[in-house]
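K.L.:
Residues 94 to 216 in our numbering are what the sequence shown lists, from first letter to last.
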Amino acid sequence: MIDNYKIVYVPPSGTTQHTQHGWIATTGNKCVGHIRMQQEAGKRIKFLDAWVDEDYRRKGIYRKLWETRWEYVQQNYKGYKAYAWAKPMSLPLLEEKGFDKGDICVYVEKDIEGEIPFTFVSC
Ligand SMILES: CC(C)(COP(=O)(O)OP(=O)(O)OC[C@H]1O[C@@H](n2cnc3c(N)ncnc32)[C@H](O)[C@@H]1OP(=O)(O)O)[C@@H](O)C(=O)NCCC(=O)NCCS
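Here you go:
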């Protein structure tokens, strides 16, 4: 645990991120962690963007951010369903907080190949 950091709430901007709320952990003038949530249709709340600076990990910052956000949704979003796509590092806390596991999702990728169009350049 470290105590010398503050948590700041970032309200929705009213523009492109009009449904996104954020919480930022700061020490001095540096952001060392953040977490967000997005209000969606059908009374759903998506938890996303959990990140803590590598130098500050395993000190309880994610837990503190998570609990601050949870307090906010409990006060303002009763009757909604909260969900998240969790990576292995964030899953244990979600399970500890009573979230049920759905199907496992696997990341896949492929390079798109094909001929690059020939362009004649004369100069
Ligand atoms: C995931 C992440 C936000 C955790 O931040 P953190 O401040 O180090 O986490 P905390 O110290 O508050 O730990 C809270 C709980 O999260 C879980 N946790 C954190 N790091 C973990 C790890 N490396 N492996 C497994 N569980 C982990 C544990 O349950 C932990 O509780 P405990 O300390 O009582 O065991 C941070 O490692 C990170 O930014 N990772 C890269 C981005 C990422 O994967 N984000 C998740 C997107 S879904």
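Don't be surprised by glycine CBs; every beta carbon is placed ideally from N, CA and C.
#1: Just mark V125 as buried or exposed, buried being the case when its beta carbon has 16 or more other beta carbons within 10 Å.
#2: Return the Cβ separation of A179 and K139 in integer angstroms, given the expectation that the two are a contact with Cβ distance under 8 Å.
#3: I believe A143 touches I128 by the beta-carbon criterion, under 8 Å. Please report the beta-carbon distance rounded to the nearest angstrom.
#4: Which of the three DSSP states, helix, strand or coil, is assigned to E202?
#5: Does the Cβ-Cβ distance between Q131 and T161 come in under 7 Å?
#6: Compute every distance between the C-beta of W144 and the non-hydrogen atoms of ligand 1, then say whether any falls below 6 Å.
#7: For K136, I'd like the list of residues in its chain whose CB is within less than 7 Å of its CB, leaving aside the five on either flank, ordered along the chain.
#8: Starting from Y176, follow the beta strand (DSSP E) in both directions and report where the run begins and ends.
#9: With respect to the alpha helix (DSSP H) encompassing V166, which residues constitute its N-terminal and C-terminal limits?
#10: Compare the beta carbon distance of T119 and N97 with 7 Å and say whether it is the shorter of the two.
P.N.:
By the coordinates alone:
#1: Buried: at least 16 other Cβ atoms inside 10 Å.
#2: The Cβ separation is near 12 Å, so there is no contact.
#3: The pair is a contact, with the Cβ atoms about 5 Å apart (cut-off 8 Å).
#4: In this structure, E202 counts as coil in the three-state DSSP scheme.
#5: Using a Cβ distance threshold of 7 Å, Q131 and T161 do not count as a contacting pair.
#6: Because some heavy atom of ligand 1 lies under 6 Å away, the Cβ of W144 counts as near it: yes.
#7: Excluding positions up to five away in sequence, the list reads G172, Y173, K174.
#8: That run of the beta strand (DSSP E) goes 174 to 177.
#9: From DSSP, the alpha helix (DSSP H) with V166 extends over 154 to 169.
#10: Taking 7 Å as the cut-off, the Cβ atoms of T119 and N97 do not count as close.
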